[in-house]
Amino acid sequence: MNRSIIVAVCALCGAFLLPAVLRASGGSAAEASSTFTLVLDAGHGGKDPGALGRGKGREKDINLAVTLAVGKLVEQNLKDVKVVYTRKTDTFVELDERANIANRAKADLFVSIHTNALPNKKVYTGSETYTLGMHRAADNLDVAKRENEAIMLEKDYQSRYEGFDPKSAESYIIFEFMQDKNMERSIRMATLVQQQLRSAGRPDKGVHQAGFLVLRATSMPSCLIELGYITTASEETYLTSSRGVNELSTAIYKAIRKYKETNK
Ligand SMILES: [Zn+2]
12 MNRSIIVAVC
22 ALCGAFLLPA
32 VLRASGGSAA
42 EASSTFTLVL
52 DAGHGGKDPG
62 ALGRGKGREK
72 DINLAVTLAV
82 GKLVEQNLKD
92 VKVVYTRKTD
102 TFVELDERAN
112 IANRAKADLF
122 VSIHTNALPN
132 KKVYTGSETY
142 TLGMHRAADN
152 LDVAKRENEA
162 IMLEKDYQSR
172 YEGFDPKSAE
182 SYIIFEFMQD
192 KNMERSIRMA
202 TLVQQQLRSA
212 GRPDKGVHQA
222 GFLVLRATSM
232 PSCLIELGYI
242 TTASEETYLT
252 SSRGVNELST
262 AIYKAIRKYK
272 ETNK
């Protein structure tokens, strides 16, 4: 009886304690592995609005609304999934801290939710999902640069990120492609997200690789979803509507459910 109380308390204060406690107390390993930890990362927030629409749409608000809706669906329907949020309110969280939250929680999956933008009145619609990788990243440098620029709002970002300059193409050389153990699962998750978004009626802009700092620092399968293009008027209307939030979050929830089913 005491043992289960200790386990519950330790799980709350630091997931890394849990396996040690279970081993030391002779607890069941099955108990430890029955919980799947999902980290949901709503991009930007606080002083960093992210991309801005032509109307009143702000990326940080869209990302948060969809993230909270995904989390609610998971919490209601997948009882063995523990959901950890990098933010649940309009606050600024550093990119490396977002990854640290996931690493500390020993997450099984990290899903970062963002909204895309294009300069110069270019009209583009649809959703795309990224995994970390550099072999085709030259094509996707612009989106990585834009998302990584959030670190410029952080204190001492140059020392925190070892001189990384999000605007300089040369900085991305440090992202040399590594065949990492999480790559296959990350691509699987990204593919499921795109399948579900396509089923929900979203134009499918595919699965891509790019050098996102937030994905680079996580040590579990991870992907970054660009929900749509806030700079396209029809997309901005959709992304900021309750219908849009419902459809997008349901699609992402279904992808998480399928991913979990196929990665037991
Ligand atoms: Zn973003």
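Residue 12 is where the sequence shown starts when you use the working numbering, and the numbers rise one by one after that.
Cβ coordinates follow ideal geometry from the N, Cα and C atoms, glycine included.
Check, Outcome
"So, for E258: in the same chain, excluding its five sequence neighbours on each side, which residues have a beta-carbon less than 6 Å away from its beta-carbon?", "A211"
"Is A228 helix, strand or coil when you go by DSSP?", "coil"
"CB G64 to CB L250, shorter than 9 Å?", "yes"
"Among residues of its own chain, excluding the 5 on either side of T97, which ones have a beta-carbon nearer than 8 Å to its beta-carbon?", "V50, L51, D52, A53, V104, E108, R109, I112, A113"
"By the DSSP assignment, the beta strand (DSSP E) with Y141 in it spans what residues?", "138-143"
"Using DSSP bridges, identify the partner residues of K83.", "None, per the DSSP bridge assignment."
"Give every residue of the same chain whose Cβ lies closer than 7 Å to the Cβ of L129, excluding the five residues on either side of it in the sequence, and list them in chain order.", "Y135, Y240, T242"
"What are the boundary residues of the beta strand (DSSP E) that includes M255?", "Sequence inspection shows Gly at residue 255; the Met mentioned does not correspond to that position. Looking at the DSSP string, G255 is not in any beta strand (DSSP E); the run it does join, the alpha helix (DSSP H), is 253-273."
"Identify every run of the alpha helix (DSSP H) within the region 54-142, keeping only runs that are complete inside it and at least 4 residues long; order them along the chain.", "70-88, 106-115"
"Roughly how many angstroms lie between the CA atoms of S245 and N131, to the nearest whole one?", "16 Å"
"In three-state terms, what does DSSP make of T248?", "helix"
"Among all the DSSP beta bridges, which residues are the ones paired with I236?", "I124, T140"
"Please state whether DSSP places M189 in a helix, a strand or coil.", "Because the pLDDT of M189 is 48, which lies under 50, any placement of that residue in the model is unreliable, and the question is left without a value."
"Would you decide whether A40 is buried or exposed? Buried here means 16 or more other CB atoms lie within 10 Å of its CB.", "Note on A40: pLDDT 42, under 50, position unreliable in the model; the coordinate value appears next. Label assigned to A40: exposed."
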